[in-house]
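*Asks:*
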Amino acid sequence: MTKKIHILATGGTIAGQANTHGGYTAGKLNVETLLDALPWRPHDVQVSYEQVANVGSQSIHNEIWYQLANRVNTLSLEKLADGIVITHGTDTMEETAYFLNLVTPGKIPVVLTGAMRPANAFSPDGPENLLAAINVACSGQAKNLGVLVVMNSIIHSARYIQKMGVSQDNAFQSIPLGPVGIQSGTNTHFFVNQLAAIHTNNSEFTKAIENGSLTFSNEFKLPNVNVLYVHAGMDESYLRQWLQLSHEGIVVAGVGAGNLSQTLERLLANQVFQGVAVVRSTRIAAGNIARNMEIDDDRHGFLVAGNLTPAKARILLQLALAVKMPMPQMQTVYDTH
Ligand code: ASP
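Start counting the sequence shown at 519; every next residue gets the next number (my numbering).
Put into structure tokens, the structure is as follows:
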């Protein structure tokens, strides 16, 4: 049976154009051009597409996320497609993937892809990646693993993927789980058939969308949550000024096991006292933050991010605040999503 795959294009290096001095501009070519460059089209696949944006993913913003979420929801729930592919820049691909992993229904596969080299590079990786993503989106099994990312023939789950390299083809890793599958030619092979982490149809936020308590309308604004990167020798007056900016939530990318200097610990405890949600995460790529190790989270009212990266922990906190989730439930959501 012919599969209907819908592409939502947002730009990135996959749609990038190289210049004559070794650099390039992301988000220049439209989705038709990307499709024309495919070496072949899978049989029995009908591809439709739309250009949602055309930007480098360093410029992806909340409104593009809302648009993507709303389109994925409509296409899935109204059965307008059998699978969705999203072309995206690689810099923030894991954030868009995780956002969609939390707010879309998982009725059909949703697969992000991009490229490490621009479309007119000597040997672009975009066409191969796009083809792989279309193939994965055709696989019925794909929807059981939440939103996926395919890069360099490897299939990653949105929950665990991280960009770990600046320019090499194998820039992405899934930490700590490892990849969930591999795409080779037309063969999609999954190593796992379910994830321990909650996603898509079971996510608290997809449920909130379904019951109408979360809507990405034009008036909607994700709460203002900011990440504080910790390093040795932080200046107290800088911290005090930073904390005076308006934050509805703070994710702190601490050192080691999410550790903070005593000064910062005290300042952040005071933020919690003033009603700001504070989440401890780590600046280490392979980290798992447990509660109450060197820091008394229970006493200060801190949340901990487990093995979510600071950028993903930020998205989870934005959504938890958006649905006005009570603080104790927020820790459960960090432990499970
Ligand atoms: N800066 C580019 C982007 O994220 C990098 C890429 O796509 O690989 O859009």
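The beta-carbon is built from N, C-alpha and C at its ideal position, and this holds for glycine as well.
Starting from the Cα of SER594, find the closest Cα among PHE791, GLU646 and VAL665 and give me that residue.
*Replies:* As a position in the sequence shown, residue 594 is number 76, starting the count at 1. Answer by Cα proximity: VAL665.
*Asks:* With DSSP as the reference, label THR631 as helix, strand or coil.
*Replies:* Translated into the one-based positions of the sequence shown, residue 631 becomes position 113. Note: THR631 maps to strand in three-state DSSP.
*Asks:* Among ASN580, ASP554, HIS539 and HIS524, which has the Cα closest to the Cα of LYS739?
*Replies:* The residue you call residue 739 lines up with position 221 of the sequence shown. Comparing alpha carbon positions, the residue from ASN580, ASP554, HIS539 and HIS524 closest to LYS739 is ASN580.
*Asks:* Look at the Cβ atom of LYS522, then the Cβ atom of GLN535, and state whether they are nearer than 8 Å.
*Replies:* Here residue 522 corresponds to residue number 4 of the sequence shown, with the count starting at 1. Here residue 535 corresponds to residue number 17 of the sequence shown, with the count starting at 1. Against a cut-off of 8 Å, the Cβ pair of GLN535 and LYS522 comes out as no contact.
*Asks:* Taking the C-alpha atoms as reference points, what is the distance between ARG798 and HIS606?
*Replies:* Residue 798 sits at position 280 when you count from the first residue of the sequence shown. Residue 606 sits at position 88 when you count from the first residue of the sequence shown. Answer to the nearest angstrom: the Cα atoms are 29 Å apart.
*Asks:* Using the rule of at least 16 other Cβ atoms within 10 Å of the residue's Cβ for burial, across every protein chain shown, is PHE617 buried or exposed?
*Replies:* Here residue 617 corresponds to residue number 99 of the sequence shown, with the count starting at 1. That one is buried.
*Asks:* Quick one, are the C-beta atoms of ILE602 and HIS524 less than 8 Å apart?
*Replies:* The sequence position of residue 602 within the sequence shown is 84, counting from 1. The sequence position of residue 524 within the sequence shown is 6, counting from 1. Yes. Within cutoff.
*Asks:* Would you report the Cα separation of THR656 and THR528, rounded to the nearest angstrom?
*Replies:* Numbered from 1 along the sequence shown, position 138 holds the residue referred to as residue 656. Numbered from 1 along the sequence shown, position 10 holds the residue referred to as residue 528. Checking the displayed sequence, the identity of residue 656 turns out to be Cys instead of Thr. Taking the straight line from one Cα to the other gives about 21 Å.
*Asks:* Looking at THR850 and ligand 1, is the gap between the Cβ and the nearest heavy atom below 7 Å?
*Replies:* For the purposes of this step, residue 850 is taken as the residue at position 332 of the sequence shown. No, since every heavy atom of ligand 1 falls outside the 7 Å radius drawn around the Cβ of THR850.
*Asks:* Within the chosen definition, does the segment 835-851 reach the segment 726-736 through at least 3 CB pairs nearer than 8 Å?
*Replies:* yes
*Asks:* Determine the closest residue to ASN638 out of HIS765, LEU556 and GLY751, with distance taken between C-alpha atoms.
*Replies:* Against the sequence shown, residue 638 aligns to sequence position 120. Of HIS765, LEU556 and GLY751, the residue nearest in Cα terms is LEU556.
*Asks:* Let me know the alpha helix (DSSP H) ranges lying completely inside the segment 797-854, each 4 residues or longer, listed in chain order.
*Replies:* 815-818, 828-840 and 845-854
*Asks:* At a threshold of 7 Å, does THR605 count as lining ligand 1 (C-beta to nearest heavy atom)?
*Replies:* Here the question's residue 605 lines up with position 87 in the sequence shown. No, the Cβ of THR605 stays beyond 7 Å of every heavy atom of ligand 1.
*Asks:* Is the number of C-beta pairs between the segment 563-570 and the segment 666-675 that are closer than 8 Å three or more?
*Replies:* no
*Asks:* What does a CB cutoff of less than 8 Å around VAL822 pick up in its chain, not counting 5 residues either side in sequence?
*Replies:* Stepping through the sequence shown from its first residue, residue 822 is reached at position 304. The answer, listed in chain order, is GLY776, VAL797, ARG798, SER799, ILE807, ALA808, ARG809, ASP815, GLN849 and TYR852.
*Asks:* Check for me: the beta strand (DSSP E) holding ALA527 runs from which residue to which?
*Replies:* One-based indexing of the sequence shown puts residue 527 at position 9. Its beta strand (DSSP E) spans residues 521-529.
*Asks:* Is THR859 close to ligand 1? I mean its beta-carbon at under 7 Å from any heavy atom of the ligand.
*Replies:* Since the displayed the chain opens at 519 and closes at 855, residue 859 lies outside it and no answer follows.
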